[in-house]
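**Student:** Take a look at this one; I'll ask things after.
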Amino acid sequence: MRLEKRLRIIYENREAFRKRYKVYALPIDIFYRKLALNIKILSLVENLEKDNEIRTECRKNFIISCVTALEVMLKDLIEIALENPKYAENIRKTLKDEKISVWDTYEVFYKHEVSLGEWILSKNSICNLERIERGFSCIFGEKDFLSHLERYVVKDPQTEEREFVLKEDYPEWRKWMEELFSMRNKFVHQVTFGERIGKKKIEKIVEHLVAFTEAIFGYALARLYPEIS
427 MRLEKRLRII YENREAFRKR YKVYALPIDI FYRKLALNIK ILSLVENLEK
477 DNEIRTECRK NFIISCVTAL EVMLKDLIEI ALENPKYAEN IRKTLKDEKI
527 SVWDTYEVFY KHEVSLGEWI LSKNSICNLE RIERGFSCIF GEKDFLSHLE
577 RYVVKDPQTE EREFVLKEDY PEWRKWMEEL FSMRNKFVHQ VTFGERIGKK
627 KIEKIVEHLV AFTEAIFGYA LARLYPEIS
């Protein structure tokens, strides 16, 4: 990717980040808001539209938007994590293959004040479990990040009591998250007609998406800010 294009992406991401956090305080707040809007739009179409083809197209767009909401939250978490020198050091090895001249280094990190997180995220997508696994395992310096995640105890933020554990309360979470990512990629890159996406399937996906999102946000927060966890 040419430097000019990458810098343009970084500036677009930076402006979007600034606007998000002008309104919301936490990455998961943005996820909840985006998901709530998606559900409202889907419900309106489901209740008002009788054409099954239109309803199916709306469900496809709902799936795509759900993954976008998750990806934005994960990227924001990664950018926040990489502001911490401890976690930035963990990804040093992964940057050795980056080829950049001294002048480009000056342009990027001094003139444009690009952060390490901005630089990495301008080139990488995290739209599947494998990439989430690789990215967060690298940042937190641990093997098999998702295995740690599925054993993490998510607590109620008000009572601090156990709310759920992915492995115990959502044993099929991997299956449903993989299904979500697979459907998203299919709907983004292919045009299909006559396809059926049942309401029960949508409900199952949303249920597991919310649980996964709350788990990964809670786990990351506990690693980044152990003093308040």
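Here the working numbering runs 426 ahead of the position in the sequence shown, where the first position is 1. Glycine is no exception: its CB is placed at the ideal position from the N, C-alpha and C atoms.
My output table needs one value for Arg485: the three-state DSSP class, helix, strand or coil.
**Tutor:** Reading the sequence shown from its first residue, position 59 is the one you call residue 485. In the structure shown, Arg485 sits in a helix (DSSP, three-state: H, G or I).
**Student:** What are the boundary residues of the beta strand (DSSP E) that includes Val591?
**Tutor:** Within the sequence shown, numbered from 1, the residue matching residue 591 stands at position 165. Per DSSP, Val591 belongs to the beta strand (DSSP E) from Arg588 to Val591.
**Student:** Check whether the segment 592-601 touches the segment 610-627, counting contact only when three or more Cβ pairs, one atom from each stretch, lie closer than 8 angstroms.
**Tutor:** Judged by Cβ distances under 8 angstroms, the segment 592-601 makes no contact with the segment 610-627, as fewer than three pairs qualify.
**Student:** Evaluate Glu515 with the Cβ neighbour count: other Cβ atoms within 10 Å of its Cβ, from every protein chain shown; 16 or more gives buried, anything less gives exposed.
**Tutor:** Taking the sequence shown and counting its residues from 1, one reaches residue 515 at position 89. So Glu515 ends up on the exposed side.
**Student:** In whole angstroms, what is the alpha-carbon distance linking Glu509 and Ile552?
**Tutor:** As a working note, residue 509 is residue 83 in the sequence shown. As a working note, residue 552 is residue 126 in the sequence shown. Distance between the alpha carbons of Glu509 and Ile552: 19 angstroms.
**Student:** In this structure, how does DSSP classify Leu581 when only helix, strand and coil are distinguished?
**Tutor:** Taking the sequence shown and counting its residues from 1, the one referred to as residue 581 is at position 155. For the record, residue 581 in the displayed sequence is Lys; it is not Leu. Reduced to three states, the DSSP call for Lys581 is strand.
**Student:** Alpha carbon to alpha carbon, how far is Arg560 from Glu568? Give it in angstroms, no decimals.
**Tutor:** Position 142 of the sequence shown, counted from the start, is the residue given in the question as residue 568. Position 134 of the sequence shown, counted from the start, is the residue given in the question as residue 560. Taking the straight line joining both Cα atoms gives about 10 angstroms.
**Student:** In three-state terms, what does DSSP make of Asp502?
**Tutor:** Here residue 502 refers to the residue found at position 76 when the sequence shown is read from its first residue. It is helical.
**Student:** Please report how far the alpha carbon of Ile489 lies from the alpha carbon of Leu592, in whole angstroms.
**Tutor:** Position 63 of the sequence shown holds residue 489. Position 166 of the sequence shown holds residue 592. Each residue's Cα considered, the two are about 21 angstroms apart.
**Student:** Is DSSP giving Ile465 helix, strand or coil here?
**Tutor:** Counted from its first residue, the sequence shown places residue 465 at position 39. If DSSP states are grouped into helix, strand and coil, Ile465 belongs with the helices.
**Student:** What do you get for Leu500, buried or exposed, if any count of 16 or more other CB atoms within 10 angstroms of its CB means buried?
**Tutor:** The residue given as residue 500 occupies position 74 in the sequence shown. Classification for Leu500: buried.
**Student:** Would DSSP call Lys512 helix, strand or coil?
**Tutor:** The residue given as residue 512 occupies position 86 in the sequence shown. In this structure, Lys512 counts as helix in the three-state DSSP scheme.
**Student:** Could you tell me the distance, in whole angstroms, from the CA atom of Asp587 to the CA atom of Val580?
**Tutor:** Within the sequence shown, the letter at position 161 stands for residue 587. Within the sequence shown, the letter at position 154 stands for residue 580. Sequence check: residue 587 is Glu here, not Asp. When rounded, the distance between both Cα atoms is 8 angstroms.
**Student:** Please report the Cβ distance between Ala648 and Ile565, rounded to the nearest whole angstrom; I am assuming they are in contact, meaning their Cβ atoms lie under 8 angstroms.
**Tutor:** Indexing the sequence shown from 1 puts residue 648 at position 222. Indexing the sequence shown from 1 puts residue 565 at position 139. Ala648 to Ile565, Cβ: 14 angstroms. No contact.
**Student:** Which of the three DSSP states is assigned to Val617 in this structure?
**Tutor:** Position 191 of the sequence shown, counting from 1, holds the residue named residue 617. Note: Val617 maps to coil in three-state DSSP.
**Student:** At which residues does the alpha helix (DSSP H) containing Ala646 begin and terminate?
**Tutor:** Working through the sequence shown from its first residue, we reach residue 646 at position 220. Looking at the DSSP string, the run of the alpha helix (DSSP H) that includes Ala646 is Lys625 to Leu650.
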